[in-house]
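Chains as they are written, first to last, in the numbering used here: chain A, 4 to 385; chain B, 4 to 385.
This is the structure in structure tokens:
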């Protein structure tokens with residue numbers, strides 16, 4: 004997919020991944036980029052997260068992003084910090100920028116193994132030379148256990164575009180678990196507005212995404228604006244939300260071992276925060292996830308998940324539906340288990356729940372829990 | 004195992020379970036029993052939980068407990084409440100007691116299907132007639148997907164005994180997920196003291212147990228004292244803790260699909276609450292559980308779990324060990340992956356973590372996450 008005006012991206016093979024796949028990506032702009040950032044809340048944060056956070060605190064624009072996959076460069080002690088700085092510095096040099104302060108960095112992969120920094124530094128000139136306007140190679144270079152690349156786009160009236168690429172398939176939970184999302188737009192917006200808008204959008208999309216309940220040490224969602232085209236700010240926010248929601252669903256669908264995308268839509272909540280929390284809790288429940296995997300209309304597990312979500316609900320008014328079939332409404336509803344089970348065999352499963360206490364609504368996305376998830380994760384480093 | 008003085012127990016087949024296994028249990032005392040109770044925090048609570056909670060609020064002693072397995076009698080609307088009350092009333096009648104106010108009830112199994120109350124009522128006279136001092140049949144009558152019965156005992160100087168039976172193998176998480184524990188003692192203790200002691204003991208044991216992160220609508224841990232023998236109260240508390248910790252470990256080891264018991268021991272925490280929370284978070288991490296399943300010394304996942312546990316830690320001082328092998332100490336430690344992996348193939352896996360900020364310690368228990376867990380839970384009702 005073509006990236007928005009003002010951006011150049013690249014992806015190359017630097018030799019970090021034993022598979023020989025793309026593992027080094029660059030994003031560059033010839034002019035300063037406004038940007039905003041949401042990163043992991045994990046107290047064990049990788050050097051790239053710590054450094055990007057410090058750059059965000061300055062409020063200054065950036066010119067580039069360097070991303071590596073295969074090695075998270077996390078928990079590597081002082082060496083990890085040095086390697087991250089060296090990576091950003093080498094990227095700046097390859098791109099003809101002043102220094103690492105203009106370059107965000109993002110690394111994902113195994114924790115606690117020294118980053119093969121020499122290979123990455125050696126690969127940067129090649130990556131810089133490969134810059135272009137197609138997102139394909141860049142979107143590959145950010146993947147780890149993902150099976151597919153994840154790209155989404157939206158347009159804003161007047162011609163501005165939003166293009167996002169993402170990675171992530173495990174260790175994914177609200178507050179930026181192991182996922183990257185890099186969203187580019189050529190719509191004009193100033194940095195303070197972009198930050199506020201990004202926080203709202205991330206709360207409604209990436210923070211409503213859960214794969215396995217584990218949050219990561221490295222992950223982040225970054226939006227960057229080249230500001231080439233004027234755009235209505237409300238339309239821009241809608242476009243950002245469309246792109247990030249689409250990426251969140253692509254990540255859930257590609258969850259490790261996943262065979263189905265689960266969308267949980269909660270209505271009747273006291274407020275938006277509770278609606279979103281209830282939806283997340285259902286989407287993250289191992290028992291709901293295994294029931295969906297087995298196409299089992301076990302609404303009791305959905306009800307039990309709502310009950311532990313720390314939200315107000317009226318048990319006598321709660322309603323639960325799956326694939327449009329009402330299963331519970333204050334008490335169990337009669338349904339044809341075979342018919343509902345057949346409907347649950349779809350690749351897209353919709354669970355709806357009404358809490359019966361208000362008018363707020365929220366949505367969350369997850370995936371089923373399969374034997375494949377266990378196999379993938381039982382043997383990752385060894 | 005012989006129950007303590009003053010108790011009689013029974014377990015029979017009432018026909019709730021399609022498998023034809025024991026599904027109706029009774030516990031009885033000829034004299035009033037002091038008791039204390041910890042139950043699910045789930046807002047969707049079964050009628051038995053609601054009724055027992057109300058009985059606890061009166062502070063009155065009880066004389067009996069009726070337990071049923073195979074059907075949780077939860078989310079069944081008004082009928083569920085009526086059935087629970089009828090069950091307790093029928094148990095009282097079968098035992099010659101004044102009424103349901105002297106009888107605790109506990110049901111476990113599938114949610115949202117009407118309880119076959121007539122079968123249970125019909126089985127109660129048989130159960131009452133079968134009362135004796137052996138815990139075997141009673142311990143069977145409380146099981147659902149458990150593979151084995153769970154019984155533990157401890158003695159107090161002076162001859163008093165503590166005997167506990169438990170069930171639970173899935174939907175288990177702190178705050179009384181799908182588990183029952185019924186602990187009997189003939190040690191003398193007054194009811195207020197027993198309540199305070201039980202709250203402390205449950206916090207250190209059952210609330211440190213996690214199988215899959217889902218909490219249930221029905222579960223409870225009850226201690227009952229016949230008060231026949233004088234006992235030192237500190238020794239009694241130690242005996243209760245020994246029995247409940249043993250039961251917690253048995254439940255984790257019998258977790259659905261589990262092949263290993265995982266013990267997580269956290270030291271160096273700021274306080275006991277944080278130590279316990281950190282231990283629980285590691286024990287409950289899907290990524291740690293799958294790594295242990297694969298005998299994979301992936302300490303990065305342990306570190307990442309500590310990082311999201313909402314506890315104070317000093318990353319430069321954090322230490323992580325598995326099976327006694329130090330894997331991380333402020334930075335990755337050299338170790339022989341094959342040797343540690345071989346050690347992780349044991350049925351008992353010990354993970355130790357020091358947070359580097361204090362002197363508090365805590366322990367939690369869980370189990371590995373296997374393909375078997377998925378298979379068991381992907382097809383439970385249908």
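We put the beta carbon where it would ideally sit given N, CA and C, even for glycine.
All values derive from a computational prediction rather than experimental measurement.
*Using a C-beta to C-beta distance shorter than 8 Å, which residues of chain A count as neighbours of residue 360 of chain B?*
Residue mapping note: residue 360 of chain B aligns to position 357 of the second chain, counting from 1. Correct list: empty, because the minimum Cβ distance to chain A is about 11 Å.
*With 7 Å set as the bound, which would you pick, yes or no: does the beta-carbon of residue 254 of chain B sit closer than that to a beta-carbon of chain A?*
The sequence position of residue 254 of chain B within the second chain is 251, counting from 1. No, no contact with chain A.
_Reduced DSSP category for residue 128 of chain A - H, G, I as helix; E, B as strand; rest coil_ = To locate residue 128 of chain A, count along the first chain from 1; it is residue 125. Note: residue 128 of chain A maps to helix in three-state DSSP.
*Residues of chain E with CB under 7 Å from residue 369 of chain A, in chain order?*
Absence of chain E from the displayed structure is noted, the protein chains being A and B.
_Presumed contact (8 Å Cβ cut-off) between residue 360 of chain A and residue 329 of chain A, rounded CB distance_ = Against the first chain, residue 360 of chain A aligns to sequence position 357. Against the first chain, residue 329 of chain A aligns to sequence position 326. Not really, about 19 Å apart at Cβ, beyond 8 Å.
_C-beta neighbour in chain A for residue 296 of chain B, strict 7 Å_ = Stepping through the second chain from its first residue, residue 296 of chain B is reached at position 293. Interface residue, yes.
*Listed by chain order, chain B residues near residue 100 of chain A by CB distance under 7 Å*: Position 97 of the first chain, counting from 1, holds the residue named residue 100 of chain A. Residues of chain B passing the Cβ test: none, with the nearest at roughly 30 Å.
*Would a check of beta-carbon distances place residue 179 of chain B closer than 7 Å to chain A?*
Along the second chain, read from residue 1 onward, the residue named residue 179 of chain B stands at position 176. Bear in mind that a pLDDT of 38 at residue 179 of chain B, under 50, signals an unreliable position, so the number given afterwards is only what the model happens to contain. No - not a single Cβ of chain A is within 7 Å of the one on residue 179 of chain B.
_Contacts around residue 131 of chain A, its chain only, beta-carbon distance under 6 Å, and the 5 residues preceding and following it disregarded_ = As a working note, residue 131 of chain A is residue 128 in the first chain. Once the five neighbours on either side are set aside, the close Cβ partners of residue 131 of chain A are 97, 98.
*Residues of its chain near residue 70 of chain A, where Cβ-Cβ distance is below 6 Å and the 5 sequence neighbours each way are ignored*: For this step, residue 70 of chain A is matched to residue 67 along the first chain. Cβ neighbours of residue 70 of chain A beyond the five flanking positions: 28, 109, 145.
*In chain A, which residues lie less than 9 Å from residue 79 of chain B when you measure between Cβ atoms?*
Residue mapping note: residue 79 of chain B aligns to position 76 of the second chain, counting from 1. Result: 334, 335.
*asked:* Our contact map puts residue 292 of chain B next to residue 369 of chain B with C-beta atoms below 8 Å; I'd like the distance itself, whole angstroms only.
replied: Position 289 of the second chain, counting from 1, holds the residue named residue 292 of chain B. Position 366 of the second chain, counting from 1, holds the residue named residue 369 of chain B. Sure, about 7 Å apart at Cβ, within 8 Å.
*Measure how close the beta-carbons of residue 41 of chain A and residue 224 of chain A come, nearest whole angstrom, since I'm counting them as under 8 Å.*
Start at 1 with the first residue of the first chain, and residue 41 of chain A comes out as number 38. Start at 1 with the first residue of the first chain, and residue 224 of chain A comes out as number 221. Right, their Cβ atoms sit about 5 Å apart.
*Measure the Cβ-Cβ separation of residue 357 of chain B and residue 271 of chain B and say whether it is below 7 Å.*
As a first step, residue 357 of chain B is located in the second chain; it is residue number 354 there, counting from the start. As a first step, residue 271 of chain B is located in the second chain; it is residue number 268 there, counting from the start. Closer than 7 Å, so yes.
*With residue 322 of chain A as the anchor, note down where its beta strand (DSSP E) starts and where it stops.*
For the purposes of this step, residue 322 of chain A is taken as residue 319 along the first chain, with counting starting at 1. Element bounds for residue 322 of chain A: 322-325.
*Measure how close the beta-carbons of residue 251 of chain A and residue 284 of chain A come, nearest whole angstrom, since I'm counting them as under 8 Å.*
Against the first chain, residue 251 of chain A aligns to sequence position 248. Against the first chain, residue 284 of chain A aligns to sequence position 281. Incorrect: roughly 17 Å between the Cβ atoms, too far for contact.
_Which residues DSSP lists as bridging residue 137 of chain B, in chain order_ = In the second chain, the residue the question calls residue 137 of chain B occupies position 134. According to DSSP, which records beta bridges pairwise, residue 137 of chain B is partnered with B:5.
*If you pair each beta-carbon of the stretch 7-26 of chain B with each one of the stretch 317-329 of chain B, do three or more pairs fall below 8 Å?*
no
_With a threshold of 8 Å, are at least 3 pairs of Cβ atoms found where one atom belongs to the stretch 293-301 of chain A and the other to the stretch 29-48 of chain B?_
no
*Just the C-alpha distance for residue 100 of chain A and residue 45 of chain A, rounded to the nearest angstrom, thanks.*
Here residue 100 of chain A refers to the residue found at position 97 when the first chain is read from its first residue. Here residue 45 of chain A refers to the residue found at position 42 when the first chain is read from its first residue. Taking the straight line from one Cα to the other gives about 31 Å.
*At 4 residues or longer, and completely inside the stretch 223-310 of chain A: list those alpha helix (DSSP H) runs for me, N to C.*
236-256, 275-287, 289-296, 302-310
*Please check if any C-beta of chain A sits within less than 7 Å of the C-beta of residue 72 of chain B.*
The count along the second chain starts at 1 and reaches residue 72 of chain B at position 69. So, not an interface residue.
_Residue-level contact to chain B via CB, residue 311 of chain A, 7 Å cutoff_ = On the first chain, position 308 is the one that residue 311 of chain A refers to. For residue 311 of chain A, the answer is yes, since a Cβ of chain B falls inside 7 Å of its Cβ.
*Are the CB atoms of residue 166 of chain A and residue 242 of chain A nearer to each other than 7 Å?*
Walking along the first chain from the start, residue 166 of chain A turns up at place 163. Walking along the first chain from the start, residue 242 of chain A turns up at place 239. Against a cut-off of 7 Å, the Cβ pair of residue 242 of chain A and residue 166 of chain A comes out as no contact.
*Roughly how many angstroms separate the alpha carbons of residue 351 of chain B and residue 169 of chain B, rounded to a whole number?*
Translated into the one-based positions of the second chain, residue 351 of chain B becomes position 348. Translated into the one-based positions of the second chain, residue 169 of chain B becomes position 166. When rounded, the distance between both Cα atoms is 20 Å.
*asked:* Counting only beta-carbon separations shorter than 7 Å, does residue 293 of chain B have a partner in chain A?
replied: If you number the second chain from 1, residue 293 of chain B lands on position 290. By this cut-off, residue 293 of chain B is an interface position.
*Name the chain B residues whose beta carbon is nearer than 7 Å to that of residue 84 of chain A?*
Sequence index remark: in the first chain, residue 84 of chain A carries index 81 (1-based). Result: empty, since nearest Cβ-Cβ is about 11 Å, beyond 7 Å.
_beta-carbon residue 245 of chain B near the ligand MN non-hydrogen atom, thresh 6 Å_ = Absent from the structure shown: the ligand MN. Ligands present: none.
*Inter-residue spacing [alpha-carbon to alpha-carbon] between residue 371 of chain A and residue 199 of chain A*: Locating residue 371 of chain A in the first chain gives position 368, counting from the first residue. Locating residue 199 of chain A in the first chain gives position 196, counting from the first residue. Approximately 33 Å between the Cα atoms of the pair.
*Is the Cβ-Cβ distance between residue 367 of chain B and residue 261 of chain B less than 7 Å?*
Numbered from 1 along the second chain, position 364 holds the residue referred to as residue 367 of chain B. Numbered from 1 along the second chain, position 258 holds the residue referred to as residue 261 of chain B. Cβ atoms of residue 367 of chain B and residue 261 of chain B: not closer than 7 Å.
*asked:* Report the start-end ranges of each beta strand (DSSP E) in the stretch 36-118 of chain A that is 3 residues or longer and not cut off at the edges.
replied: 65-74, 106-113
_Just verifying my parser: in three-state terms, what is the DSSP assignment at residue 195 of chain A?_
What you label residue 195 of chain A is simply residue 192 of the first chain in a count that begins at 1. Three-state DSSP puts residue 195 of chain A in a helix.
*Compute the Euclidean distance between the alpha carbons of residue 188 of chain A and residue 127 of chain A, then round it to the nearest angstrom.*
Numbered from its first residue, the first chain carries residue 188 of chain A at position 185. Numbered from its first residue, the first chain carries residue 127 of chain A at position 124. Taking the straight line from one Cα to the other gives about 24 Å.
*Compare the C-alpha of residue 257 of chain B against each of B:148, B:244, B:309, B:86 and name the closest.*
Within the second chain, numbered from 1, the residue matching residue 257 of chain B stands at position 254. Considering only alpha carbons, the answer is B:148.
_Please state the DSSP three-state secondary structure of residue 351 of chain B._
As a working note, residue 351 of chain B is residue 348 in the second chain. Strand.
*Integer-rounded CB distance, given that residue 163 of chain A should sit under 8 Å from residue 227 of chain A*: Taking the first residue of the first chain as position 1, residue 227 of chain A is located at position 224. Taking the first residue of the first chain as position 1, residue 163 of chain A is located at position 160. Going by Cβ atoms, the distance from residue 227 of chain A to residue 163 of chain A rounds to 13 Å, so no, they are not a contact pair.
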